[in-house]
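Student: Plus 95 on top of the position in the sequence shown (first one is 1) and you've got my numbering.
Pasting a structure below so you can have a look.
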Amino acid sequence: MEDETSQFELTESAFLSLFVKHEPALRAYARVLVPDWDLVDEALQEASVTMWQKRGQLESADGFVPWARVILRFKCLRQIEKLRSRRPLLNDKMLATLAERFQNCSTEDTAARSKAIQLCLNQFPAEHRELLLAPHRADISLVELAERRKKSPNALYKLLARLREQLTECVRLRLAEVQ
């Protein structure tokens with residue numbers, strides 16, 4: 096009698112295909128949790144190794160993203176612990192809330208949003224892009240950026256607020272075009 100349960104086997108090429116396909120969504124998920132792009136890269140790299148080692152646990156290709164997010168979340172938490180010694184971060188409850196909300200986003204929505212953000216960011220001059228991205232970087236603060244630009248921190252915060260409004264509106268319009 097033949098076994099009725101078919102064993103799902105993830106070949107090397109199938110794993111790589113799934114990982115590459117969903118890498119932007121996984122990176123976006125990690126970025127929600129970790130406020131530093133370098134540490135996002137580290138978490139994603141560590142997670143990819145763990146995913147490869149544990150690929151036998153995956154029951155179907157459809158379950159790849161949820162499975163990968165669980166592994167990635169643990170790697171992100173490890174990176175967050177590294178950061179906590181250097182600067183204040185969101186507490187664990189807030190991180191869990193963000194992760195849960197992100198879980199409800201489809202990979203297509205995440206990819207569309209990421210593409211819209213990138214296209215809109217590219218419309219800004221380099222100086223404005225640097226300012227928009229500065230709060231998300233670990234290597235420079237807005238106060239340091241203000242000093243470098245010979246502006247008051249308050250003036251820079253006001254400019255940042257206006258730029259964020261413009262970016263938000265641009266992203267909203269681009270997403271509306273897609274739907």
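Even glycine gets a Cβ: it sits at the ideal position worked out from N, Cα and C.
Values in this document were obtained by computation on a predicted structure and should not be read as measured data.
Could you tell me the alpha carbon to alpha carbon distance between Pro130 and Ser112, rounded to whole angstroms?
Tutor: 27 Å
Student: Within this structure, are the beta carbons of Leu139 and Ala125 separated by less than 8 Å?
Tutor: yes
Student: Beta carbon of Leu228: closer than 7 Å to some heavy atom of the ligand FMN?
Tutor: Among the components of this structure there are no ligands whatsoever, and the ligand FMN is therefore not found.
Student: From Glu107, Leu167 and Glu222, pick the residue whose C-alpha is nearest to that of Ala123; which is it?
Tutor: Leu167
Student: Could you check if Gln174 is buried or exposed, using at least 16 other CB atoms within 10 Å of its CB as the buried criterion?
Tutor: buried
Student: Counting along the chain, where does the alpha helix (DSSP H) carrying Pro230 start and finish?
Tutor: Segment: none, Pro230 is in no alpha helix (DSSP H) and carries neither H nor E.
Student: Mind checking which residues open and close the alpha helix (DSSP H) that includes Lys116?
Tutor: Glu107 to Leu128
Student: With a threshold of 16 other CB atoms inside 10 Å of the CB of Arg243, please say whether the residue is buried or exposed.
Tutor: exposed
Student: Round the Cβ separation of Pro224 and Leu216 to the nearest angstrom and send it over; I've been treating them as touching at under 8 Å.
Tutor: A small fix is needed here, since residue 224 is Arg in this sequence, not Pro. With a Cβ gap of about 6 Å, Arg224 and Leu216 count as contacting.
Student: Beta carbon of Ala211, beta carbon of Leu270: below 8 Å?
Tutor: Cβ atoms of Ala211 and Leu270: closer than 8 Å.
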